[in-house]
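See below for the structure under consideration.
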Amino acid sequence: MAIIPLLRTTVFSLATVFALVVLGICAHIQWLITPVRNPVFLSFSPLGIAAASVTIVSLPLMLFLGIRRRGVFTSMIVFEIAWCLFLWVLWVAAAGDTDADRVYYFPNGCIFQNYPTTNQICNEFTVVEAFAFLNFLCVFLYFDVVFVYAIINAIRGRPIWTASVKEADITSGPNTVIPLNQPQYNTVPGAQYQNYTPNAPPPQPYNAYPQQIPAQSPVMAPQQNQPYDYATASGAPQLQPNYGGYSPNAPSANSAHLPPQPNYTSHPVNGSQGQLPLHSGYQTQPPPQQPQQPYASHQYIPA
Numbered sequence: 014m015a016i017i018p019l020l021r022t023t024v025f026s027l028a029t030v031f032a033l034v035v036l037g038i039c040a041h042i043q044w045l046i047t048p049v050r051n052p053v054f055l056s057f058s059p060l061g062i063a064a065a066s067v068t069i070v071s072l073p074l075m076l077f078l079g080i081r082r083r084g085v086f087t088s089m090i091v092f093e094i095a096w097c098l099f100l101w102v103l104w105v106a107a108a109g110d111t112d113a114d115r116v117y118y119f120p121n122g123c124i125f126q127n128y129p130t131t132n133q134i135c136n137e138f139t140v141v142e143a144f145a146f147l148n149f150l151c152v153f154l155y156f157d158v159v160f161v162y163a164i165i166n167a168i169r170g171r172p173i174w175t176a177s178v179k180e181a182d183i184t185s186g187p188n189t190v191i192p193l194n195q196p197q198y199n200t201v202p203g204a205q206y207q208n209y210t211p212n213a214p215p216p217q218p219y220n221a222y223p224q225q226i227p228a229q230s231p232v233m234a235p236q237q238n239q240p241y242d243y244a245t246a247s248g249a250p251q252l253q254p255n256y257g258g259y260s261p262n263a264p265s266a267n268s269a270h271l272p273p274q275p276n277y278t279s280h281p282v283n284g285s286q287g288q289l290p291l292h293s294g295y296q297t298q299p300p301p302q303q304p305q306q307p308y309a310s311h312q313y314i315p316a
């Protein structure tokens, strides 16, 4: 059996027995002072009877319902904390009131040997006070243990306020540690220096993972269909590329005769450069002449 359920059973049983003792003694004191012509009102006696009656009815009922039924509200931890708080306040009030009446009525102790009834009441004051304090300590101990236990579980993320003490002790057991199997990696081989020559490239460090090229790298960037750039250096002659024997002056079978094209390479680009040698059989074509329009006379011709 777990510790807290065992403590609960022990405390409730002892508190019930002590309450029976207090109930019997307080009832006997009330029976002794009733036949007196001018009875003295002892406030601790009714308070002791009330505290004992509530304890005797409630605690055994809570024990019985906790054993016979599951999920009943009297077995919830929050209800037991509230009820035990009420009980220990009631018992500490009864014990304090009994002590105050004893000091008031019997300041010098039980010294009334010639009055056996008065002396008996004085002795019963002490018994009621003792058992009232014992009941207070028992209920207060159980209240503290359960309240702290519930707070600790709430902090750990396992609230047990609506569970019984037995269920909470089972569900909030120690956490089982699950060992994690870590993968074993081989030792990284060191750099090899065999057949090293002064002109050999430096050895590359060992890398177990392939190098990944970032997406922003120009290597991974998609190549656009860019036209060829024929930019030449300053001072170099500009050459026209040859497209499979095509000549701008050659006549086409499907077109009319093309006009002669000017030679753009007849003069050097820079003064320090000479003219490029002309191909064999190539002659400079004269610039085309614009046809002359006939002179329009200013003679007026009637319509």
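Numbering (the numbering used here), first residue to last: 14 to 316. Backbone N, C-alpha and C define an ideal beta-carbon position, used for all residues, glycine too.
Can you list, in chain order, the residues of its chain whose CB lies under 7 angstroms from that of V70, leaving out five sequence neighbours each side? none
Cβ contact (3+ pairs, closer than 8 angstroms) linking the stretch 127-144 and the stretch 99-118: The answer is yes - the stretch 99-118 touches the stretch 127-144, with three or more Cβ pairs under 8 angstroms.
Between V178 and A28, which are expected to be in contact by the criterion C-beta below 8 angstroms, what is the C-beta distance as a whole number of angstroms? Actually they are not in contact, since the Cβ atoms of V178 and A28 sit about 16 angstroms apart, beyond 8 angstroms.
Between W384 and F149, is the Cβ-Cβ spacing less than 8 angstroms? Coverage of the chain is limited to positions 14 through 316, which leaves residue 384 absent and any answer about it impossible.
Count the CB pairs spanning the stretch 156-171 and the stretch 50-68 that are closer than 8 angstroms, and state whether there are at least three. Touching, no.
Check the C-beta distance from I94 over to A181 and give it rounded, since I have them as a contact under 8 angstroms. Contact flag wrong, Cβ pair sits at about 12 angstroms.
Name the two residues that bound the continuous alpha helix (DSSP H) containing I117. The sequence as given places Tyr at residue 117; Ile does not occur at that position. Per DSSP, Y117 belongs to the alpha helix (DSSP H) from I90 to Y118.
Residue range of the alpha helix (DSSP H) that includes R81: F57 to R81
L20 versus P48 - alpha carbon distance: 43 angstroms
Nearest-angstrom Cα distance between F92 and Y128? 48 angstroms
Which residue from L76, G37, W44 and C39 puts its Cα closest to that of T23? L76
Do I42 and M33 count as a contact pair if the criterion is CB distance below 8 angstroms? Note that residue 33 is Leu in the sequence shown, not Met. No; because the gap between Cβ atoms is not below 8 angstroms, this pair is not in contact.
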